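Under our numbering, think of the first position of the sequence shown as 4, with each following residue one higher.
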Amino acid sequence: MKAFLVAAMIALLAGSACAQGLVKGQTPGPPAAAPKSRQQIEADRAAERAYKNSLRSIPDQPPVDPWGNARATEAPKAAAKSTSAKPPKAVGTAN
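In structure tokens form, the structure reads like this:
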């Protein structure tokens, strides 16, 4: 009995999903586009050429460095080394 109910529910859901948006005699899918006229084709080509020309006129830009302000642009300088080999002893310690 449960199997019959499950099968009926699946059939009802599938049937309503298939019927959405269809009118009698209408085929599923997007509507067919009307063929373009010669003027429309030429206008599309001209727009494409203008778009490509505008892209060429944009100057090349260097890569963006988002951390550029956070770090120094120069290499860190080495710390000055002391001339003595041993570090000085602290005053008041007994060794």
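Idealized CB from N, CA, C, for every residue including glycine.
It should be emphasised that the depicted structure is a prediction, and the values quoted were computed from it without experimental measurement.
Enclosing alpha helix (DSSP H) for Ala-46 [first to last residue]: The residue given as residue 46 occupies position 43 in the sequence shown. That run of the alpha helix (DSSP H) goes 41 to 59.
Cα-Cα separation between Asn-56 and Ala-35, rounded to whole angstroms: The residue given as residue 56 occupies position 53 in the sequence shown. The residue given as residue 35 occupies position 32 in the sequence shown. If you take the alpha carbons of Asn-56 and Ala-35, they lie about 32 Å apart.
Rounded straight-line distance, which links the Cα of Arg-48 to that of Trp-70: Looking up residue 70 in the sequence shown gives position 67. Looking up residue 48 in the sequence shown gives position 45. Each residue's Cα considered, the two are about 42 Å apart.
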